[in-house]
Amino acid sequence: VPPSTTGPGPLAASREKFGDGFYQLYFQEPGRADAELAADPRSTFRRVIGGLYPEDGEPRPWLVPEGGTLLDSVPEPERLPAWLTEADIEAFAADYAGHGERAFTGGLNWYRNIDRNNELMAAFAGLRIEAPALYVTGEQDLVNSMVTREAQEYLLKHMTPNLHRYVRLPETGHWTQQERPAEVTEALLDFLKHVEGGAVQA
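Residue 92 in my numbering sits at position 92 of the sequence shown, and the numbers go up by one each step.
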């Protein structure tokens with residue numbers, strides 16, 4: 001995502017577009033989301049990895065209801081998707097369970113530093129990614145509710161002149177390589193076949 005050098009910073013822009021319930025804004029208060037996510041890591045991973053999908057297939061931003069908690073906005077699924085197992089959940093939960101209320105703090109701190117990162121990236125504004133590139137996303141990824149397909153295509157066209165392919169996988173959410181390992185692997189291998197001497201070959 002290119003840095004924004006004009007207008008409000010990313011967090012202010014998100015508040016203007018999505019309101020105060022936008023998940024990245026909810027993350028800003030130190031300790032709040034940290035404690036909620038760490039209270040029951042197993043339930044957290046079942047919800048965030050296995051349940052963060054739109055029922056109608058249309059991606060939408062992650063919004064926390066007014067007066068609610070982060071996990072109130074993500075129902076725990078009755079059963080996990082086929083690509084995710086209970087053993088996976090148990091392994092993730094076990095890794096996090098021993099770190100108390102700060103188990104998720106490292107990841108959350110990235111979101112708390114978004115505006116600062118944007119400021120630091122300002123030095124690179126206007127530069128393009130000249131290296132060969134591949135972009136793979138899922139049609140149902142919630143991120144695609146924040147930036148339209150047209151905007152993505154425009155940015156990719158103007159910022160990555162050596163873009164080999166822009167791949168949108170149907171019925172696929174945020175965890176692209178876990179949900180569609182065969183398709184992602186195929187896209188990567190196809191990309192590597194076309195990269196030679198630093199340029200994408202037709």
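For glycine and all other residues, C-beta sits at the position ideal for the given N, C-alpha and C.
With respect to the C-alpha of D88, the residue from R32, I49, Q24, L163 having the closest C-alpha is I49. If you compare the alpha carbons of H174, T172, K157 with that of Y166, the shortest gap goes to K157.
The straight-line gap separating the alpha-carbon atoms of R60 and M146 is approximately 8 Å. Residue range 149-159 is occupied by the alpha helix (DSSP H) that includes Y154. Fully enclosed alpha helix (DSSP H) runs of no fewer than 4 residues occupy 86-97, 105-112, 114-121 of the region 59-146, in order along the chain. For a cut-off of 8 Å, the C-beta gap from R47 to L25 is around 19 Å, too long to register as a contact. The beta carbon of Y53 lies closer than 7 Å to those of Q140, G173 in the same chain, with the five residues before and after it left out. Taking all protein chains shown into account, W62 has 16 or more neighbouring C-beta atoms within 10 Å of its C-beta and is therefore buried.
Here R168 carries a strand assignment [DSSP, helix/strand/coil]. Rounded to the nearest whole angstrom, the C-alpha separation of A33 and F27 is 6 Å.
Using a Cβ distance threshold of 9 Å, G9 and N118 count as a contacting pair. Distance from the CA atom of E36 to the CA atom of T69, rounded to whole angstroms, is 8 Å.
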